[in-house]
Amino acid sequence: MLLLTFLKDYPFMMDVEDANLDLAMQVRQNDIPPAKAKQIPPFVLLDIDNQTHKLWDEPLFTPRNKVKELIDVAVKGEARLIIVDIDLSQDTPINGLQLDNLQQHPYDKALYDYIVKYKTDCQGCPPIILDRAFRPLPESLSDGKKRIVEPRTSFLETAVAKSAPYIQWASPLFQQSSYDGAVRRWRLWESICTAEEKPDIIPSTQLLAAAIIRLDTPKQAQDKINAELARFKPKVCGESYIPQSVSYEPIKIAEGLEITEGMYGISQRIIYNMPWNSPQSIAEKWMMRYSLRDYDKETQHSRVILTVFSAQPYLESPEGGTFKDKIVVIGSSYSDGGDVQSTPLGTMPSGLVIINAIHSLLQYGEIKPVSAWNKGLAVLLIVAVSIILVFIESFWIVVFSGLGIILFVSVSGFLFGGIWINVALPLLAVYVFHIATNYHQIATKLKSRQQDLTEEITQSLAKQKIDSSELAKGIEQLVAKQIGEMTVRENSTPEESACSEGMSEPPPKKEGLRQVWYDRLFEGKANQYRALLTNMVVGLSIAFLLLYFNRIPWLMDTEDASMDWLMQLNQNIIPPIQNNNIPPVVVLDIDDKTYYDWGEPLFTPRERLKNMIKATVEAKARLVIVDLEVSQKTPVEGSRLHPDDQALKTYLESYIIECKRKIDNSVCPTIILKRTFSTKSSPVPILRTGFLDEVVAQGAPYVQWASKQFYPAGDQVVRRWKLWQPACTADNQPEVVPSIELLAMSLVKEDCITQDVQNALRSFLPEDCDKDYAPLQKSLPETFNLCGLPINTKDRWGINQRIMYRMSWLVDDEPPQLPYFVTDKTAIPVLTIFSAQPYTESLPQASLDALTDSIVVIGGSYREGRDIQLTPVGDMPGALLIVNVIHSVLQHEEIELSPTGKLLTTVLFLVILSILFGMFPFWWSMTISGILTIFVLLPLTMVFVHYGMWFNIALPLIVVSIYQMVAKYNQLPIQEQSLQDDPISSTS
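Everything in the sequence shown is counted per the numbering used here, starting at 1 for the first residue and increasing by one.
This is the structure in structure tokens:
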């Protein structure tokens with residue numbers, strides 16, 4: 001327990017503690033404590049969902065005039081507080097607008113004018129919190145000191161300054177867990193340097209909101225926060241940045257808002273009570289999507305604590321009194337926005353994360369460390385369990401003690417106080433120590449008894465004056481007999497051991513100590529065969545269950561976890577690509593530096609994209625893949641195209657015409673553009689109409705669409721591909737879109753014809769796009785083959801649909817320095833990542849030789865692009881994800897063995913395990929079997945069956961080993977008593 005006190009901040013301990021709290025929150029979600037007792041106002045989320053985004057014609061970013069309308073409707077609804085969780089830092093582009101002397105986009109100007117006049121024109125109006133955007137920077141400097149984040153300036157800076165304190169900036173940043181990216185902890189403030197390099201502090205959205213709710217006026221909240229957090233401002237800004245010294249004094253903002261500086265402890269955990277209900281199953285015209293209620297067990301009263309509205313339908317017909325005295329959060333959950341976070345309750349939009357954080361801070365405050373009475377209870381429980389295990393010698397006491405510990409852990413999991421880890425681990429340690437000590441004592445007595453028997457036999461034979469050769473022979477014979485009897489008893493059940501006491505002695509055995517090993521293998525065959533049969537029944541039962549219930553979620557999760565681990569061990573260890581004629585891959589990456597050099601545009605400028613495509617074509621690349629949004633138009637007034645969009649469209653049109661004129665098609669690499677789908681709710685996805693549709697329709701095979709879709713996992717880790725996507729066009733025509741990796745395979749593989757792949761996919765066309773739901777009625781092949789790639793249409797979650805990641809992105813948990821290279825085992829370059837910047841100019845600023853005969857992927861890893869995906873080998877940008885998937889389909893190998901092969905292999909290992917238990921003492925058997933599993937079974941399956949079956953073998957072996965351990969532990973006292981009661985005469 002003292003050790004836990006010192007190790008409480010170690011990553012392993014924190015992960016275990018986090019897992020327990022996650023489970024408790026999942027069990028208690030929707031069980032919301034009464035907010036009225038803590039004077040917490042109800043919440044409203046005005047959600048810019050897929051429905052609203054579709055009604056707004058799917059803009060690339062949230063129109064500022066709509067933000068102003070949503071704020072205004074909440075103000076007129078007499079909200080208590082308004083929080084805007086939308087990025088308002090960047091200007092709306094005005095290039096191409098047909099207006100004279102325009103300095104600011106009309107939508108931006110409308111919002112600016114509303115904000116700048118808010119303080120003077122709106123007396124008594126609710127305070128407004130605007131979320132500040134930041135430039136993401138590395139977490140630490142070279143000397144290990146924490147680096148501050150850099151705030152991004154906004155076109156609203158002056159307006160907010162004039163309307164303070166009624167309108168204030170706040171930080172929407174949270175602390176994400178490194179191992180799964182989930183938001184578990186808040187960041188209550190950010191130390192920043194302003195554009196003028198002045199030190200400053202900015203509170204988090206939840207801290208500022210809680211202060212405004214607890215204190216009388218926004219001015220008091222602002223002043224109190226500034227005073228309490230002033231000591232955390234940087235000492236010096238600029239190139240000689242020096243952080244403020246650490247202070248551990250508590251921060252008291254208001255009554256009930258006492259916090260400490262720690263960021264990673266349990267004290268900073270967000271307690272989630274309100275889950276996210278996806279709107280996919282909700283009728284389109286519904287305005288109120290769902291609501292949650294708290295419950296007061298004493299008064300048995302409840303009230304609505306959270307209401308979620310779809311934004312645009314509410315604007316069209318607002319309900320009176322909806323917002324009165326409530327905290328209104330304006331946020332977004334639409335798919336293209338990417339503003340969705342992973343949490344212990346599953347994914348949810350950032351707006352709901354903020355609501356949960358505010359509610360957690362007001363309802364629970366900090367989760368207090370374990371109190372003195374909890375520690376006293378832990379000591380008493382440890383003492384009580386120790387006394388029971390020592391003074392009550394019974395196998396069932398041991399069993400019930402273990403069950404009691406498990407029950408205690410389960411019950412304490414419902415507490416948010418964090419006591420369980422401080423009690424459960426010491427209890428578990430005491431429990432395991434008792435079992436190990438008890439077994440060691442009995443084993444020591446058995447060994448001592450055997451030595452005593454040998455000495456007594458030696459003395460008895462010596463008294464009979466037998467010569468030395470006869471004496472040695474007699475000792476060998478008697479010791480061999482004793483060992484044989486011990487082996488029989490060890491391989492018998494307690495009942496069999498008792499019954500065997502009255503049986504006659506076995507016939508004489510061959511003489512000689514060399515027969516000991518023979519006796520161990522064949523003495524007591526019936527009992528050994530019975531033990532083998534028992535092991536077979538137990539092990540094969542588990543194996544059959546794994547085969548029959550192989551799609552049970554927890555089994556799939558365990559199998560996925562094992563494969564994730566193996567891929568982590570094998571990352572960047574790549575077989576020779578020449579064996580499968582796989583071309584090298586080059587990624588042109590729009591990284592953070594490139595993005596900042598471009599002036600942080602809201603989306604990739606199409607003119608620069610055109611230049612990158614042109615450079616790869618001139619370099620004679622093997623294939624060009626564009627992993628960027630090209631379906632939607634750049635926003636511009638009027639119906640004409642933005643000049644950058646027109647430049648891209650014109651280039652592709654001329655490229656297609658030029659390629660059709662050439663006799664040798666190989667000099668024209670195929671350009672694959674990422675196809676996106678409408679956010680409109682529909683059983684069959686609807687293709688998004690874009691400004692390049694007509695060009696691509698006439699451009700095959702030189703320019704083609706492909707989808708970038710993957711089957712989602714519960715933990716948001718991308719593990720399985722989706723090789724095609726049935727869809728409907730805007731005019732209700734059925735279509736099927738191949739995935740980028742499938743189309744790339746058909747273009748790269750020598751024995752593959754793209755048209756054959758397209759023809760095979762036509763079987764999966766939706767039958768009727770006019771109906772509300774159009775399932776395929778015709779029978780489809782359960783399995784078929786595409787260019788050597790086996791497809792199983794009935795088992796999309798199967799292990800053979802797994803993406804085999806070989807190339808990782810992060811280096812020491814940080815993005816790599818560019819250029820970045822990965823080679824195969826023969827030192828041939830497999831992957832090269834270049835910064836896109838030199839290739840975005842009209843005249844490339846870098847050599848094109850590296851792009852020649854390569855698959856070139858154009859993508860972005862800059863964080864504002866929100867195209868960073870979770871994978872088994874860590875975070876990686878979408879472009880590198882595509883590279884891994886392409887490599888996986890081009891080097892695809894069957895992962896699983898057949899069911900018969902699995903069972904036969906399981907039988908083989910079970911026989912080996914049973915022989916080990918018959919030949920060696922129990923603990924030696926466990927050790928040897930463990931070594932065989934880790935150093936033989938696991939490497940062999942990695943080499944010969946490539947990840948696929950070790951779990952199906954390991955689990956039956958583990959169950960059999962546990963069964964043997966329990967049986968042996970239960971037999972030890974009987975064996976000890978049998979030796980004590982065995983007279984010397986029985987061995988002579």
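C-beta atoms are modelled at their ideal positions from N, C-alpha and C, and glycine is treated no differently. The structure presented is a predicted model; accordingly, all values stated were derived computationally and were not measured.
Item: In the DSSP assignment, find the unbroken alpha helix (DSSP H) run with D589 in it and report its ends.; Value: From DSSP, D589 is part of no alpha helix (DSSP H) but of the beta strand (DSSP E) over V585 to I590.
Item: Enumerate in chain order the residues of its own chain whose CB-to-CB distance from K509 is below 6 Å, with the five nearest sequence positions on each side excluded.; Value: Any answer about K509 is weak, because its pLDDT of 48 lies below 50 and its placement is not dependable; what the coordinates show is given next. Cβ neighbours of K509 beyond the five flanking positions: none.
Item: May I ask you to report which of helix, strand or coil DSSP gives M612?; Value: helix
Item: What is the rounded straight-line gap between the Cα of A74 and the Cα of L81?; Value: 9 Å
Item: Label V624 either buried or exposed according to how many other C-beta atoms from any shown protein chain fall within 10 Å of its C-beta, with 16 as the threshold for buried.; Value: buried
Item: Are the beta-carbon atoms belonging to I354 and T205 less than 8 Å from one another?; Value: yes
Item: Cβ of V684 within 8 Å of Cβ of P738?; Value: no
Item: If we require 3 or more residues per run, which beta strand (DSSP E) segments fall completely within the segment 638–720?; Value: 670–675 and 703–707
Item: Just mark F134 as buried or exposed, buried being the case when its beta carbon has 16 or more other beta carbons within 10 Å.; Value: buried
Item: State the start and end residues of the unbroken alpha helix (DSSP H) segment that holds A221.; Value: P218 to L229
Item: Using the C-alpha atoms, what's the distance from T634 back to E17?; Value: 47 Å
Item: My output table needs one value for L848: the three-state DSSP class, helix, strand or coil.; Value: coil
Item: Can you pull the DSSP bridge partners for P734?; Value: C728
Item: Going along the chain, which residues of its own chain have a beta-carbon closer than 8 Å to the beta-carbon of I686, five neighbours each way excluded?; Value: F677, S678, K680, A727, C728, T729 and A730
Item: Is it true that the CB of V856 sits closer than 8 Å to the CB of A879?; Value: no
Item: Suppose the cutoff is 8 Å on Cβ atoms and the five residues either side in sequence are ignored; what does the same chain contact list for A575 look like?; Value: Residue 575 is actually Pro in this sequence, not Ala. These residues qualify, in order along the chain: D824, K825 and Q891.
Item: For the alpha helix (DSSP H) containing Q755, list its first residue and its last residue.; Value: T754 to L761
Item: Answer with buried or exposed for N759, where buried requires no fewer than 16 other C-beta atoms within 10 angstroms of its C-beta.; Value: exposed
Item: Suppose the cutoff is 6 Å on Cβ atoms and the five residues either side in sequence are ignored; what does the same chain contact list for Q571 look like?; Value: S808 and V873
Item: From the DSSP output, read off the bridge partner residues of I128.; Value: I82 and I167
Item: Is the beta carbon of R185 less than 8 Å from the beta carbon of S171?; Value: no
Item: Can you give me the Cβ contacts of V630 inside the same chain, cut-off strictly under 8 Å, excluding the 5 residues immediately before and after it?; Value: R606, L609, L648, L673, K674, G690 and L692
Item: My assumption, with CB atoms under 8 Å, is that R863 sits in contact with I803. Please give the rounded CB distance.; Value: No, R863 and I803 are not in contact; Cβ-Cβ is about 23 Å, not under 8 Å.
Item: Does the segment 702–720 come within contact of the segment 587–601, defined as at least 3 CB pairs closer than 8 Å?; Value: no
Item: Is the separation between the beta-carbon of P819 and that of I833 shorter than 8 Å?; Value: yes
Item: Any idea what DSSP makes of M876, helix, strand or coil?; Value: strand
Item: As a quick exercise: from E58, E197, I671 and Y805, pick the residue whose alpha carbon is nearest that of L569.; Value: Y805
Item: Could you give the residue range of the beta strand (DSSP E) that holds Q176?; Value: F174 to Q176
Item: Have a look at R520 and V537 and give me their C-alpha separation to the nearest angstrom.; Value: Bear in mind that a pLDDT of 48 at R520, under 50, signals an unreliable position, so the number given afterwards is only what the model happens to contain. Cα to Cα, the separation comes out at about 23 Å.
Item: Which residues in the same chain have their Cβ closer than 6 Å to the Cβ of I582, if we skip the five residues on either side of it in sequence?; Value: L890
Item: Can you confirm whether the segment 332–351 touches the segment 359–366 when touching is taken to mean that 3 or more C-beta pairs between the two stretches lie within less than 8 Å?; Value: no
Item: Which whole-angstrom value describes the C-beta separation of G699 and L652, a residue pair presumed to lie in contact below a C-beta threshold of 8 Å?; Value: 7 Å
Item: Assign M274 to one of three DSSP states: helix, strand, or coil.; Value: coil
Item: Quick one, are the C-beta atoms of I201 and A230 less than 8 Å apart?; Value: yes
Item: Can we say the segment 20–37 touches the segment 329–336, given the rule of at least three CB pairs closer than 8 Å?; Value: no
Item: Is the CB-CB distance between I83 and I305 below 8 Å?; Value: no
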